[in-house]
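Quick note: the sequence shown, position 41, residue 98 per the numbering used here, numbers continuous. Ideal Cβ placement from N, Cα and C applies to all residues, glycine included. On a predicted model such as this, the values are computed, not experimentally measured, just so you know.
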Amino acid sequence: MRTSGQQFWVKVPDHPYYDARDPWVEHRREAWRFDLLDLDDKLIGNLDGCESGTFDFNVNNTIRSSGAISWVQPEPGAQPPDWTQVRVQPWYMLRAPDSDEVLQEIPIGVFLPSFPSEALSATGIALDVDLHDKLMILDQDKTEEAYTARSGTLVTTLVRELLLEAGQTALSMDESTEVMRTNMTWDAGTTWLRITNDVLAAAGYFSLGVDGYGVFQAKRYVAPAQRGVQRQFLDDSDSIYDDEINHDEDIFNVPNRVIAVSTSDGETEAMVSVADDDSTGRFSIGARGRVIAENEEDVEATSQSVLDQHARRRLTEMQQVTSSYDLNHALVPLHLNDLVRLRNTQHGRDLHGVVQSFSISTEVGALQKTRIREVTL
C-alpha cells in the first residue's frame, strides 16, 4: 500500500492501483453550474436562470453530442443572452457529503445554443434552448468548389488547414508522419467535417471529436486492448450501477474475415489487406466451420500498414458491435470510446466494453445511462 497526501492507494491482486477513497464511488452531493462563454470560448460569467438540462453523446453520430436546457427569467426585467453570440458550458460538481466543498468538477462540453422559442406569461419568460456540439461549426460550413487533398501532404498539416477553413484553431492532434498516398477529391458543397473525417480515417485516426473544454480532438485509433481501463463497474460495496442491465446480441452474420481494398487513381495500384479470425474464439473460422467474409472497397488508406490496421479494426468492430450492454449508474467522468469493465457476479458476467453512448440529466439523483459494446482483450 502507498499513500499520497490524504489519499490511500491500494494494490489489489491482478488489478491496478485504485484510490480507496475515490469520491465517485462515495456518498455524494451534487450540483450544476452553467458557464456562459463568448465565441472564442472565453468565460463571460454564469448563465443565471438555467434550471435543468439533458445531454446526449453517441459515437455513431456524425455530430457526437447534443443537449437542451430550460431557462427561466431569474428576476423581473432580466433578459436572456443573445444566443447567437454565446456558447454554453455545463459543469457537474461533485460535493462532499457533509459540506459544500467541491471535490471534483467536470465540464460536459461547450455547446452552441440555437435561437429558442419564448413562452411569455404573467410570471415572466421561459425558454427551451437546444444545444449543439461544436462539430456543427464544421458541418454547417461547406466548400464553395471542389476540394482536393494532394498526395504527399502530411496528414496532420492537412487536418489543421481543414479546421482553419472553418475558422477553428483549438485542436489537439496526435502527431503522425502519415502522408496522403493518393489525391482525394470532394465535390463542391461538401462539409468541412466530412472532409476532415475522411482524411482522419485514411490515416488511421478516430473521427473528429470535441472535449469538455471545446477543444477539437484528433486521436489515432488505438485497439481496445491497448487503451487501458478508464472505469470499473463492479458489483461490490462500491457499486454505483443499477441492478437492471439490458443485453443485446445478434451473432448470425458476424464475419470472421474482412477483405479491404484501397482506392486507386489509375496510376497507383490498389492495395489489398485480408484480416482473418484464426483464434479459438466462438466467431473464428475454426469454431464456425465456415468463412463469413465482409468486403470493403475503395478504402482510403495512406499506406499498407494503415490498410492492414483498418482491416483488423473493422474485423474487431464487426465481431463485437452486436454484443451491447445498457446500464444505469451514478454520474462518473466518461468519454466516448473509453474502455470500461463490467462485472455482475449474479449473472456470471465479467467483461470489458467500449463506451458507445451515454445520456446525462441535471435532475437531482438522476442516473447516467450508458451503452457499452463488448470487446475481447
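Relative to the Cα of A245, the nearest Cα in the group G209, D187, K199 and V212 belongs to K199. Under the three-state reduction of DSSP output, H367 falls in the helix class. Under the three-state reduction of DSSP, P154 is assigned to coil, being neither helix nor strand.
In the structure shown, the three-state DSSP call for V82 is helix. Annotation: M193 is outside any beta strand (DSSP E); the continuous alpha helix (DSSP H) that includes it extends over L192 to Q197.
Residue pairing by DSSP places W140 in no beta bridge whatsoever.
With a cutoff of 8 Å on beta-carbon distance, I429 and V397 are scored as near each other.
Burial is judged here by how many other beta carbons sit within 10 angstroms of a residue's own beta carbon; D79 has fewer than 16 and is exposed. Assignment of beta-bridge partners to D305 by DSSP yields S381. Annotation for R217: the continuous alpha helix (DSSP H) segment containing it runs V212 to E222. Counting only unbroken stretches of 3 or more residues, the beta strand (DSSP E) elements lying wholly within the segment 279 to 336 are 286 to 290, 303 to 305, 314 to 319 and 329 to 333, in sequence order. If you draw a straight line from the Cα of D92 to the Cα of V311, it is about 45 Å long. Contact annotation: V272 and S229 have beta-carbon atoms nearer than 8 Å.
The Cβ-Cβ distance between A317 and A368 falls below 8 Å. In the assembly as shown, I101 is an exposed residue. Its beta-carbon has fewer than 16 other beta-carbons within 10 Å.
In the three-state DSSP reduction, Q376 falls in the helix class (H, G or I).
N394 and G181 have their C-alpha atoms roughly 43 Å apart.
Distance check between D231 and each of Y262, L151, T379 and R238 places Y262 closest, using alpha-carbon atoms only. Excluding the 5 residues flanking it on each side, V216 has same chain C-beta neighbours closer than 7 Å at M230, T253, V256, L257 and A275, in chain order. Between the beta-carbon of P131 and that of D105 there is about 5 Å, and that keeps the pair under the 8 Å contact cut. One thing to note: W128 has its Cβ no nearer than 8 Å to the Cβ of R90.
In this structure, K191 places its C-beta atom within 8 Å of the C-beta atom of L169. Inclusion of T359 and E175 in the CB contact set at 8 Å is not warranted, their separation being larger than that value.
As computed with DSSP, P147 is found in a beta bridge with F91. Assigned with DSSP and collapsed to three states, S174 falls in strand.
N352 carries a strand assignment under DSSP once its states are collapsed to helix, strand and coil. The DSSP-derived three-state label of I342 is helix. Comparing alpha carbon positions, the residue from T111, P164, L151 and L291 closest to I302 is L291.
Selection G110, P133 and S156 evaluated against D185 yields G110 as nearest (Cα-Cα). Assigned with DSSP and collapsed to three states, S127 falls in strand.
The C-beta of V356 has 16 or more other C-beta atoms within 10 Å across all chains shown, which makes the residue buried. Distances from the CA of I163 to each of R152, D333, S156 and A344 were compared; the closest alpha carbon is that of R152.
In the DSSP assignment, V116 falls outside any beta strand (DSSP E) and carries neither an H nor an E. Beta-bridge pairing by DSSP links F415 to F114 and T427. Within 10 angstroms of the beta-carbon of D334 lie 16 or more other beta-carbons, which makes it buried. The Cβ atoms of D383 and S330 lie no closer than 8 Å to each other.
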